[in-house]
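Worksheet: one structure, shown below.
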Amino acid sequence: MINVLTNVRLDTKAGNPCIKDNKSLIGFDFSSVIPEYEIKKEGKNYKIRFHDVLLNMPSGSYAIDDGIINKIFISSNDNNVEVKIDLLMETSYEIESIDGIPAKLNFFVDRTPLKNILKGKKIILNPVYKKTTKSPTNLSSHIPMMDISKKTKELLTLLEADALISMINYSENISNSDFKGDVIINLTTEISTKNESGFKVYYDKDNEKSKKLAELMNKSIDRKSPLDNLGMHPTKYNGTRKGAATVTVIPGIENSRLDDAHLRDIDYKSKIALAIFNGILAYFK
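In this text, residue positions in the sequence shown follow our numbering: the first is 120, and each later residue adds one.
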């Protein structure tokens, strides 16, 4: 019987339960049995070669971008399948084999080296409360913002960052006496008079740390969001502590029907949370 690699399971939103054990998962499904394979380390990356198996999916690169795994490259040659795992930093792995139809081989990547970057970092996530909404489905802005904040906090605290969710009045910001940390992330929607759809990031025009964080945040969200990138925009945060990098993330336009649908979608909110996590991670790296 011909053995076939029928599916590769990639977690692009850090939603797999193994994340709670600080592991990222790449799963391989085979039509009959797990074939013979070998794993080689190449620098910080890994290469897996599966022998005597056909590939039932397109060759090419597949982005994961979860803070520890960048992407994987899959190719097939002479009934062998080769998978290159491109990592963002050096780490270890574990293998789990599950017989059955399909037979499953799970490749777990250890996320704990990220603690070296995030441990002890003080981060406030502020899902901004709004009393009214211009949502076409009457979705209150702070509800999806809270969902995004909770997922982001989970990803941060698993790696021993000191993350806090604090709902405050958007116009007041966070004063010097309220916060002694490193990063403040406001999350809210914005009403557009231009029929826009997309995401954007605001930064403090008088704070270079804020601008740098906004650049990294904009890039990380751009890799995850299917919505248009509406860019970075300078603003003024009166009273915000100058030592902190403060940005405001707009993951969707409040009065856009397309954006409203995305803000109701669990997968979209999870991807935005992971993008915010990645932006924070890149900032501290």
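The beta-carbon is built from N, C-alpha and C at its ideal position, and this holds for glycine as well. Only a predicted model underlies this, so the values are computations on that prediction, with no experimental measurement involved.
When the Cα atoms are used, R230 and T312 turn out to be separated by approximately 43 Å. Take P255, set aside five residues on each side of it, and the residues of its chain with a beta-carbon closer than 6 Å to its own are R376 and D379, in chain order. The segment 187–271 contains, as complete beta strand (DSSP E) runs of 3+ residues, the segments 188–196, 199–206, 212–217, 222–229 and 241–246 (chain order).
Judged by DSSP in its simplified three-state form, A392 adopts helix.
In the DSSP assignment, P353 is bridged to Y322. Leaving aside the five residues that flank N314 on each side, the residues in its chain whose CB is nearer than 8 Å to its CB run, in chain order, S375.
Rounded to the nearest angstrom, the gap between the Cα atoms of K253 and T271 is 26 Å. A check of alpha carbon separations from V123 across K203, N326 and D171 identifies D171 as the nearest.
Contact annotation: the segment 343–355 touches the segment 315–324, with at least three C-beta pairs closer than 8 Å. Between N199 and N257, the alpha-carbon positions lie close to 53 Å from each other.
Under the Cβ criterion (8 Å, minimum of three pairs), the segment 138–155 counts as touching the segment 201–220. One thing to note: L306 has its Cβ within 8 Å of the Cβ of N245.
Out of F403, K234 and K190, the CA that lies nearest to the CA of L278 is found in K234.
Rounded to the nearest whole angstrom, the CA to CA distance from Y181 to A392 is 20 Å. When the five nearest sequence neighbours on each side are left out, the beta carbons in the same chain lying within less than 8 Å of the beta carbon of G239 are those of E279, A280 and D281, in order along the chain. In the three-state reduction of the DSSP assignment, G362 falls in the coil class, being assigned neither a helical nor a strand state.
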